[in-house]
Structure formats: C-alpha cells, structure tokens
Amino acid sequence: MKPETSISYDAGLYRRIGQNLDMRIAVNYINTSNYYVTNTTSPYYSGSYAYQIEGVKFYGTELEFNWKATEKLIFFGNYSYQNNAYSLGEEFPYPMLLNLPPKNKGKLSIRYTLPFKTRLSSDVIIYGERLSEGGYTLDGYATADLSLERNFAGRMMASFYINNLTGTEYQQVYGYPSPGVTWGVRLKISTARNIFSQ
21 MKPETSISYD AGLYRRIGQN LDMRIAVNYI NTSNYYVTNT TSPYYSGSYA YQIEGVKFYG
81 TELEFNWKAT EKLIFFGNYS YQNNAYSLGE EFPYPMLLNL PPKNKGKLSI RYTLPFKTRL
141 SSDVIIYGER LSEGGYTLDG YATADLSLER NFAGRMMASF YINNLTGTEY QQVYGYPSPG
201 VTWGVRLKIS TARNIFSQ
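For the sequence shown, my numbering assigns the number 21 to the initial residue and increments by one for each residue that follows.
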C-alpha cells in the first residue's frame, strides 16, 4: 500500500459582543491521498481487511457561541457541518461506504445557578443521518439530558442526572440500540478547587 498523505487548511473568526456574548466560526478543508479504510462489517467480504481510496476530500464549518444572559443563567452551544467527496473506483462494490460522521451535529447547553451552591444543567444534542460501512444508514436523532448538581467544600460535586430524558430510540453505533431513559447519582472529588463553589 502507498503512504497516506494529507494537506489541511483552516480559517476562523472570533467576535466578542459586549461583555456577555462571544461567537466563533471556523471552516476547514482536508485533501487526503491514498486514504486508508479498514472494513470489518462488510456483507461482501469475510473477516477484517483494509483498502485504499485514491483521494478523499473533507470539508466543513463549525459555529460556536457563549452567552451569559444573567448572572445566574448561561447558554452555550455549537453546530458543525462536515461533508466529503470520494470515489471508490470499480474494484469495490458500490455500497462499500466509509464509516462517515454525521453531516450535521449540534449541541445546546443551559446552566442555571440556584441557591445553596446548586446548579441546574441541561444539554440537547442533535445528530444528523450517518452512512456506515456496508451501506447501512443510521437515522438522525435528538436527545436531552438533565442534571441537578450540588457542591460541597469546594472539591466535591454530587449530582442527580437523567440522560435521554425523552426516551428517544437511536443507535450511536450500528447494531447497538440506545438504553432509553437512564438516571443515577454521581459523586466527583477533585484535587483542584471548583470555581462553581464560590
């Protein structure tokens, strides 16, 4: 096999608006020659094997923001778009697709500070449709997580959390369905002082 080589280009812009809002936008482009692909789930071949694609181009953009709405309420989030262009050639079956990331992916987070060193947190995560090796398609999905956190002594954090609050059925990895709604209690101990305790 030939050695894989890549050339990447990145550019970005950061802007702060007032004292409470900052935004960032970035674009990227990667041109890869002799791209290595390892396929272990193909219906066309048995066992694991690797092959090369003559050329693959990856390109996309990313948006990010942080907004301190009030002294107690903070919003932050990001959105990314990633796409690619490649040709497998005649020697590979058409459905032999790369294990591709979602074209669209986003996250919105909310943090609200409550009395007694307590904080309410919520995260909404959105994944777009994905194409996987062998031609399988993973549907897009959105999930919401919620947690209530309490700080103790500046170095300990106890939290009650609920993940996948809406019970969305999805597969982050092909063949492994989500566990549905999960909840629990978590305790973190840090050697560094937590600024949230102040």
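Backbone N, C-alpha and C fix where the C-beta goes; we use that ideal spot for every residue, glycine too.
Scanning its chain for C-beta atoms nearer than 6 Å, with the 5 sequence neighbours on each side dropped, one finds around residue 52 the residues 26 and 76, in chain order. Check the Cα spacing between residue 97 and each of 142, 32 and 202: the tightest is with 142. Residue 88 holds the alpha-carbon nearest to the alpha-carbon of residue 39 among 28, 24 and 88. DSSP places residue 30 inside the beta strand (DSSP E), whose first and last residues are 25–37. In this structure, DSSP gives residue 201 a state outside helix and strand, which the three-state scheme calls coil.
For residue 34, the number of other beta carbons within 10 angstroms of its own is below 16, and it is reported as exposed. The alpha-carbon separation between residue 148 and residue 135 amounts to approximately 37 Å. Counting the other CB atoms within 10 Å of its CB gives residue 29 a total below 16, which places it among the exposed residues. Note that the C-beta distance between residue 166 and residue 157 is not below 8 Å.
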